[in-house]
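Here is the structure we will look at, set down as structure tokens.
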Amino acid sequence: MRNIARITTDRLILDSLMVDDADDLFDIYSDGAAMAYWDTPPHENVAETRAMIDVMTGDEACWWAVRRKEEDRCIGVVGYLGNPGVPGMGYMLHPDYWQQGFMREAVRAALTFGFETLRLDRVELWINEDNYASQNLAREVGFKRRGRFRQKYWHHDAAHDKIVYGIRADAWPHDNGDSEPDQSHAHFYTLQPVLAVADVQVTAEYYRDKLGFRIDFLFGNPPFHGAVSQGEWSTEGVKIQLSATDADKIGGCSGVTLYIFVGPNIDDLFRRYQAEGVHIHRRVADYPWGMREFEIKDCNGYLIRFGTPI
38 MRNIARITTD RLILDSLMVD DADDLFDIYS DGAAMAYWDT PPHENVAETR AMIDVMTGDE
98 ACWWAVRRKE EDRCIGVVGY LGNPGVPGMG YMLHPDYWQQ GFMREAVRAA LTFGFETLRL
158 DRVELWINED NYASQNLARE VGFKRRGRFR QKYWHHDAAH DKIVYGIRAD AWPHDNGDSE
218 PDQSHAHFYT LQPVLAVADV QVTAEYYRDK LGFRIDFLFG NPPFHGAVSQ GEWSTEGVKI
278 QLSATDADKI GGCSGVTLYI FVGPNIDDLF RRYQAEGVHI HRRVADYPWG MREFEIKDCN
338 GYLIRFGTPI
């Protein structure tokens, strides 16, 4: 684990997480309420907690043990997961200290350290959709909702939705008061495939009438460019652009398949597409990589695979 400084706040001391904290943390990680949204079941013995700390404190991770100033007991943890691709933050607090603002105080201190000392450009939180307390905390300290995805924990019977919250360094109030957005680099938001099609109007109507998409726009008369989408919010879900191309240049790109992650009702979606007469290229089935999937061929010959975690 990285060498990290001790941090003090009005009520807390944040020290480097150590294996010696296992006894205190076992009280948290063995508690069913505290572990309701965790990626493992409650710990059965302190050895599990020690093993978890060994994993948490490896590589480039950065974790603090959270203590109140007036007692030595470790009441929780806060820190960074150490994944260079996704600068994720995690936290956990003993239920005896919930609803008192302790974790909000700890997260703010950890964010300041992350942006000013670790030089992180952004921080993410992945929060279970039913964990309203954690979502409220995220919003209170300045995180904004950025998206959602579906995930299944090995010890749960069903998959669940994760809400992604994020905050950028240029949005965090640093010690010098500077929180102006940094416009020096481009921000990447989403990837939208552009399908070459013979008839934009016909294709857009196929996606609307057969696959349940919305037509976002059609440009030109007759249309030569357009887009269709499916999802609850403007910045989430799936968007596909359509561009008119000579008929002899379409029919799907060899080896290219669009993959769309969907919710748990994948069998209902499969049956609905069957009833609509959609060309089913591969029937719905479970696969060893932990997904339930099916595949269709659209009106231009493009393959689209739908999947959900199992």
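Count the sequence shown with the numbering used here and you get residues 38 to 347, in order. Where a beta carbon is used, it is the ideal one built from N, C-alpha and C, also for glycine.
Whole alpha helix (DSSP H) runs in the region 126-153 with 4 or more residues, listed along the chain? 139-153
For L49 versus R105, is the C-beta distance shorter than 8 Å? The residue given as residue 49 occupies position 12 in the sequence shown. The residue given as residue 105 occupies position 68 in the sequence shown. Yes, the Cβ-Cβ distance between L49 and R105 is below 8 Å.
According to DSSP, simplified to helix, strand and coil, what is Y190? In the sequence shown, residue 190 corresponds to position 153, counting from 1. Y190: coil per DSSP, three-state reduction.
Cβ-Cβ distance between I277 and T345 below 8 Å: As a first step, residue 277 must be located in the sequence shown, where it is residue number 240. As a first step, residue 345 must be located in the sequence shown, where it is residue number 308. No, Cβ-Cβ distance for I277 and T345 is not below 8 Å.
Taking the alpha-carbon of S53 as reference, which of F63, I41, F256 has the nearest alpha-carbon? Within the sequence shown, residue 53 is the residue found at index 16, counting from 1. When each option's Cα is compared against that of S53, the closest is I41.
Between R251 and the rest of its own chain, which residues show a CB-CB distance below 8 Å, the 5 nearest in sequence each way excluded? As a working note, residue 251 is residue 214 in the sequence shown. Once the five neighbours on either side are set aside, the close Cβ partners of R251 are R245, V265, S266, Q267.
Distance between L248 and I317 (C-alpha atoms, nearest Å): The count along the sequence shown starts at 1 and reaches residue 317 at position 280. The count along the sequence shown starts at 1 and reaches residue 248 at position 211. Those two C-alpha atoms are separated by around 12 Å.
C-beta contact flag for A170 and Y202 at 8 Å: Locating residue 170 in the sequence shown gives position 133, counting from the first residue. Locating residue 202 in the sequence shown gives position 165, counting from the first residue. Going by C-beta atoms, A170 is not nearer than 8 Å to Y202.
Which of the three DSSP states, helix, strand or coil, is assigned to P218? One-based indexing of the sequence shown puts residue 218 at position 181. Reliability fails at P218, whose pLDDT of 48 lies under 50, so the model's placement of it is uncertain and the value that follows must be treated cautiously. Reduced to three states, the DSSP call for P218 is coil.
Delimiting residues of the beta strand (DSSP E) encompassing A175: Taking the sequence shown and counting its residues from 1, the one referred to as residue 175 is at position 138. Segment 169-177 is the alpha helix (DSSP H) holding A175; no beta strand (DSSP E) there.
Assuming V103 and A143 are in contact, meaning their beta carbons sit under 8 Å apart, how far apart are those beta carbons, in whole angstroms? Taking the sequence shown and counting its residues from 1, one reaches residue 103 at position 66. Taking the sequence shown and counting its residues from 1, one reaches residue 143 at position 106. The Cβ separation is near 5 Å, so the contact holds.
Where F254 falls: helix, strand or coil (DSSP): As a working mapping, residue 254 is identified with position 217 in the sequence shown. The answer is strand: DSSP assigns F254 an E or B state.
Euclidean distance between Cα positions of D57 and N168: For the purposes of this step, residue 57 is taken as residue 20 along the sequence shown, with counting starting at 1. For the purposes of this step, residue 168 is taken as residue 131 along the sequence shown, with counting starting at 1. Near 29 Å, if we compare the C-alpha coordinates of N168 and D57.
Backbone CA spacing between L228 and G274 [nearest angstrom]: Your numbering for residue 228 matches position 191 in the sequence shown. Your numbering for residue 274 matches position 237 in the sequence shown. Roughly 11 Å separates the two Cα atoms.
Quick check: what's the CA-CA separation for R342 versus L306? In the sequence shown, counting from the first residue as 1, residue 342 sits at position 305. In the sequence shown, counting from the first residue as 1, residue 306 sits at position 269. If I take the Cα positions, the gap works out to 12 Å.
By the three-class DSSP mapping on this structure, what secondary structure does A102 have? Here residue 102 refers to the residue found at position 65 of the sequence shown. Strand at A102.
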